[in-house]
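Worksheet: one structure, shown below.
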Amino acid sequence: MQVWPGERYPLGATYDGMGTNFAIFSEVAERIELCLFDEWDTGAERRVELREVDAYVWHAYLPGIEPGQRYGYRVHGPYDPANGLRCNPHKLLIDPYAKAIDGDVQWDPAVYDYDLDEPERMSETDSAPFMPKSVVVNPYFDWGNDKPPRTPYHHSVIYEAHVRGLTMRHPDIPEELRGTYAAIASPPMIDYLTRLGVTAIELMPVHQFIHDNRLVDLGLRNYWGYNTIGFFAPHHGYSALGRTGQQVQEFRGMVKALHAAGIEVILDVVYNHTAEGNHLGPTLSFKGVDAPSYYRLSEEDRRYFVDYTGTGNSLNVRSPHSLQLIMDSLRYWVTEMHVDGFRFDLAATLAREFYEVDRLSTFFEVVQQDPVVSRVKLIAEPWDVGPGGYQVGNFPPLWTEWNGKYRDTVRDFWRGEPATLAEFASRISGSADLYQDDGRRPFHSINFVTVHDGFTLNDLVSYNDKHNEANGEENRDGESHNRSWNCGVEGDTDDEAVLALRAKQRRNFLATLMLSQGVPMIGHGDELGRTQHGNNNVYCQDSELAWVDWDNVDEQLLEFVQTLTAFRKRHQVFRRRRFFTGLPVNGRGIDEPLPDLAWHTPDGREMTGEDWGNDFGRSVALFVNGEGIRERGQYGQKHHDASFLLCFNAHDAPLDFTMPGSEYGQKWERVISTAEPEPGDATVISAGGTIRVLDRSLVVLERTI
Numbered sequence: 001m002q003v004w005p006g007e008r009y010p011l012g013a014t015y016d017g018m019g020t021n022f023a024i025f026s027e028v029a030e031r032i033e034l035c036l037f038d039e040w041d042t043g044a045e046r047r048v049e050l051r052e053v054d055a056y057v058w059h060a061y062l063p064g065i066e067p068g069q070r071y072g073y074r075v076h077g078p079y080d081p082a083n084g085l086r087c088n089p090h091k092l093l094i095d096p097y098a099k100a101i102d103g104d105v106q107w108d109p110a111v112y113d114y115d116l117d118e119p120e121r122m123s124e125t126d127s128a129p130f131m132p133k134s135v136v137v138n139p140y141f142d143w144g145n146d147k148p149p150r151t152p153y154h155h156s157v158i159y160e161a162h163v164r165g166l167t168m169r170h171p172d173i174p175e176e177l178r179g180t181y182a183a184i185a186s187p188p189m190i191d192y193l194t195r196l197g198v199t200a201i202e203l204m205p206v207h208q209f210i211h212d213n214r215l216v217d218l219g220l221r222n223y224w225g226y227n228t229i230g231f232f233a234p235h236h237g238y239s240a241l242g243r244t245g246q247q248v249q250e251f252r253g254m255v256k257a258l259h260a261a262g263i264e265v266i267l268d269v270v271y272n273h274t275a276e277g278n279h280l281g282p283t284l285s286f287k288g289v290d291a292p293s294y295y296r297l298s299e300e301d302r303r304y305f306v307d308y309t310g311t312g313n314s315l316n317v318r319s320p321h322s323l324q325l326i327m328d329s330l331r332y333w334v335t336e337m338h339v340d341g342f343r344f345d346l347a348a349t350l351a352r353e354f355y356e357v358d359r360l361s362t363f364f365e366v367v368q369q370d371p372v373v374s375r376v377k378l379i380a381e382p383w384d385v386g387p388g389g390y391q392v393g394n395f396p397p398l399w400t401e402w403n404g405k406y407r408d409t410v411r412d413f414w415r416g417e418p419a420t421l422a423e424f425a426s427r428i429s430g431s432a433d434l435y436q437d438d439g440r441r442p443f444h445s446i447n448f449v450t451v452h453d454g455f456t457l458n459d460l461v462s463y464n465d466k467h468n469e470a471n472g473e474e475n476r477d478g479e480s481h482n483r484s485w486n487c488g489v490e491g492d493t494d495d496e497a498v499l500a501l502r503a504k505q506r507r508n509f510l511a512t513l514m515l516s517q518g519v520p521m522i523g524h525g526d527e528l529g530r531t532q533h534g535n536n537n538v539y540c541q542d543s544e545l546a547w548v549d550w551d552n553v554d555e556q557l558l559e560f561v562q563t564l565t566a567f568r569k570r571h572q573v574f575r576r577r578r579f580f581t582g583l584p585v586n587g588r589g590i591d592e593p594l595p596d597l598a599w600h601t602p603d604g605r606e607m608t609g610e611d612w613g614n615d616f617g618r619s620v621a622l623f624v625n626g627e628g629i630r631e632r633g634q635y636g637q638k639h640h641d642a643s644f645l646l647c648f649n650a651h652d653a654p655l656d657f658t659m660p661g662s663e664y665g666q667k668w669e670r671v672i673s674t675a676e677p678e679p680g681d682a683t684v685i686s687a688g689g690t691i692r693v694l695d696r697s698l699v700v701l702e703r704t705i
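Here's what the structure looks like:
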């Protein structure tokens, strides 16, 4: 076999039409072998020593090596776990830059770098037969006229979805495609997303991940996928076409199809840790390549890994090589896979340069100046499990955030929790207290009520307690409590009043979400009434318990959500680019301009400071002024919108709301009511008149005169 020196960049395996360049970084290695495996998986292995080393990058070019070639690495060097060094040439390693991975980990003792019977002793058992293999991929793809939709944040409606969970039971998708990238790209699914009114699909992890040993022993699987082993490789389990590179082309085809429908693709990415776990975990890739460069090691004892994620390890973003891996991965998914943004799991971990969360850490500085990554959507899950890890509102101006305070406050308000009104008002008007001081906008708040982590919306209002027994942890896992008002009745019931109340609460949450300033995010299936039967932690349930049940869709709820997304799209006043000021807005020749928003008590008075603390504070009316809404356009002209009055009643009894004075409007027409699936006949109320808002419901009135 011919072996040429090759190049040290780019890292990974790069096919150029005539052969493949292989390059891998390791500062601790003394020798590295490239291992080539045949396509029939017979176990036959050819080893090629990488003799060229530049700046700790070991490289070679092999003419004739084509896409589909399966490979791995063996790293020779010091095995000294007490000092964080775990080189063991008996362990086949996945390329940290592999763009495709074939196969799953088989949980044999060989995949550990130490002897399980004598942990201080290095294992000398060959792990290759039990390891996934890296794959050379074809970099060429016909993107045609693909263009990113580049939907502005304030026009965005995000749909959090799982590739398998969303499509596995869809009756209009061919069975052989269900659960795959091709299923997401199928006409039935794209038509559904379009009719739903979402502008972006946020896919739960699609980077190659592994199924934990513990779960496999229990007969379960890592369904969610927050267990990454390949930051460049689309997960092969979601491919209908094959595992030796076909998954890359299938993923690209999915993105192209979604873009053609005007839908952005956002990836949920897990750069805070890997699937290798702590010092007792398997050696699959990074740990055997260069553990001190890729992982945070304890300063007190370098045998152990620092863990800010609860998973056993944390990536070492202080290392330039680990930081390069993250940035190279992000750029790859943007430039080569055409994705439109990222949601960063446990993003506070990436900010930890030393102990505390550093808002201006190196990672954020690098992202800020990167000409590729800085231009796509960057969404932080702004917390981790370490000390001081809850950082909602503290990320740099380039970043938007999952607003956990929005979720908690909206849940508390609708379950009738006292003394929540002031914070509820702040959350639905854009959370200026969190984002305004550092130059951010209302759309920096990604608003949600439910996501994958916790109860579905239906279960949120249906169960007092979690029911995670199927997870094999004696119901100890998952959220310990339900932060939403619920009906106090477990499971199914024939009580029509209880069922109606649950349905109304679902509409309350969804309507509040769509009428709030910021970017709304819906969890997949919540618009259909999806249930997990009280399981609020289905991370290991790759089964019908977690998949969307398309045969039992709540059609009324779906219609209601479609109405809401269309309503939000029509009215710019609910998706403002700037925070409310409370100051008068110059509209179309009005003598005494009204403020851009105003808060009223149910009896029609403008709220005072004392009112915010009163017990009636479970109910409030919000006036939003559509006059003078400035929409970003070619000429920066003003576009006028309608004005609305939103009446929230979280009490357990009906309440009469008095319309504000005639200066706010002469006539009001009811356009949305959560009391019923449909608003019914038009109700018109004059200035100073009243409208009855039923218990635990929301009414939206549009000013007509």
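At position 84 of the sequence shown (counting the first as 1) the number is 84 in full-length UniProt numbering, and the numbers step up by one without a gap.
Quick reminder that beta carbons are idealized off the backbone N, C-alpha and C, glycines included.
Quick caveat: nothing in here was measured; it's all calculated off a predicted structure.
For the beta strand (DSSP E) that residue i lies in, which residues bound it at each end?
{"i": "T690", "result": "T690 to V693"}
{"i": "R670", "result": "K667 to S673"}
{"i": "L36", "result": "R31 to F37"}
{"i": "Q505", "result": "Premise fails: Q505 lies in the alpha helix (DSSP H), E496 to L515, not in any beta strand (DSSP E)."}
{"i": "D656", "result": "L655 to T658"}
{"i": "Y226", "result": "Unbroken run through Y226: none, as it is neither H nor E."}
{"i": "Y71", "result": "R70 to H76"}
{"i": "Q208", "result": "H207 to F209"}
{"i": "V216", "result": "Segment N213 to D217 is the alpha helix (DSSP H) holding V216; no beta strand (DSSP E) there."}
{"i": "N138", "result": "Premise fails: N138 is in no beta strand (DSSP E) and is neither H nor E."}
{"i": "D433", "result": "Note, D433: premise wrong, no beta strand (DSSP E); alpha helix (DSSP H) at A432 to Y435."}
{"i": "H600", "result": "L597 to H600"}
What separation, rounded to the nearest whole angstrom, lies between the Cα atoms of residue i and residue j?
{"i": "R576", "j": "Y61", "result": "54 angstroms"}
{"i": "R692", "j": "P654", "result": "7 angstroms"}
{"i": "R86", "j": "F305", "result": "13 angstroms"}
{"i": "V3", "j": "V48", "result": "8 angstroms"}
{"i": "R570", "j": "F342", "result": "27 angstroms"}
{"i": "T704", "j": "I685", "result": "10 angstroms"}
{"i": "T199", "j": "G6", "result": "43 angstroms"}
{"i": "S426", "j": "H600", "result": "14 angstroms"}
{"i": "L378", "j": "N394", "result": "14 angstroms"}
{"i": "E66", "j": "P10", "result": "17 angstroms"}
{"i": "H59", "j": "L267", "result": "30 angstroms"}
{"i": "F231", "j": "F560", "result": "39 angstroms"}
{"i": "A642", "j": "Q517", "result": "16 angstroms"}
{"i": "G665", "j": "G689", "result": "11 angstroms"}
{"i": "residue 710", "j": "L166", "result": "The question about residue 710 has no answer, for the chain in this structure spans 1 to 705."}
{"i": "W550", "j": "P171", "result": "7 angstroms"}
{"i": "I210", "j": "V248", "result": "18 angstroms"}
{"i": "G262", "j": "L196", "result": "13 angstroms"}
{"i": "D54", "j": "N88", "result": "22 angstroms"}
Where does the unbroken alpha helix (DSSP H) through residue i begin, and where does it stop?
{"i": "G165", "result": "V163 to T167"}
{"i": "R411", "result": "G404 to W414"}
{"i": "P188", "result": "P187 to L196"}
{"i": "P320", "result": "P320 to T335"}
{"i": "E365", "result": "T362 to Q369"}
{"i": "T563", "result": "E555 to R570"}
{"i": "R427", "result": "L421 to I428"}
{"i": "D459", "result": "L457 to L460"}
{"i": "Y181", "result": "Y181 to I184"}
What whole-angstrom Cβ distance do residue i and residue j have, given they're in contact under 8 angstroms?
{"i": "F644", "j": "L558", "result": "About 24 angstroms; that fails the 8 angstroms criterion."}
{"i": "K133", "j": "D102", "result": "5 angstroms"}
{"i": "V57", "j": "D290", "result": "Their Cβ separation, rounded to whole angstroms, is 11 angstroms, which puts V57 and D290 out of contact at 8 angstroms."}
{"i": "residue 726", "j": "S462", "result": "Missing from the structure shown is residue 726; the chain here goes from 1 to 705 and no further."}
{"i": "A621", "j": "F657", "result": "6 angstroms"}
{"i": "T228", "j": "T274", "result": "6 angstroms"}
When every heavy atom of the ligand HEM is checked, does at least one fall within less than 8 angstroms of the C-beta of residue i?
{"i": "T456", "result": "As for the ligand HEM, it is missing from this structure, which has no ligand bound."}
Those runs of the alpha helix (DSSP H) which lie wholly inside the stretch 258-304 and span at least 4 residues | The DSSP assignment places complete alpha helix (DSSP H) segments of no fewer than 4 residues inside the stretch 258-304 at 286-294, in order along the chain.
Counting Cβ pairs, one atom from each stretch, are 3 or more of them under 8 angstroms apart for the stretch 294-301 and the stretch 187-206?
-> no
Indicate whether the contact test is met: 3 or more Cβ pairs, each with one atom in the stretch 335-355 and one in the stretch 247-261, closer than 8 angstroms.
-> yes
Given 8 angstroms as the limit, is there contact between the stretch 497-516 and the stretch 174-182, that is, 3 or more CB pairs closer than that?
-> no
Three or more C-beta pairs below 8 angstroms linking the stretch 201-214 and the stretch 116-129 = no
At a cut of 8 angstroms, does the stretch 204-223 reach the stretch 148-159 through at least three beta carbon pairs?
-> Taking a cut-off of 8 angstroms for Cβ pairs, the stretch 204-223 and the stretch 148-159 do not touch, as fewer than three such pairs fall below it.
Please determine if the stretch 519-537 and the stretch 445-456 are in contact, where contact requires at least 3 C-beta pairs separated by less than 8 angstroms.
-> Cβ pair count under 8 angstroms is three or more, so yes.
Enumerate, from N- to C-terminal direction, the unbroken beta strand (DSSP E) stretches of 3 or more residues contained entirely within the stretch 42-109.
-> 45-49, 52-54, 57-63 and 70-76
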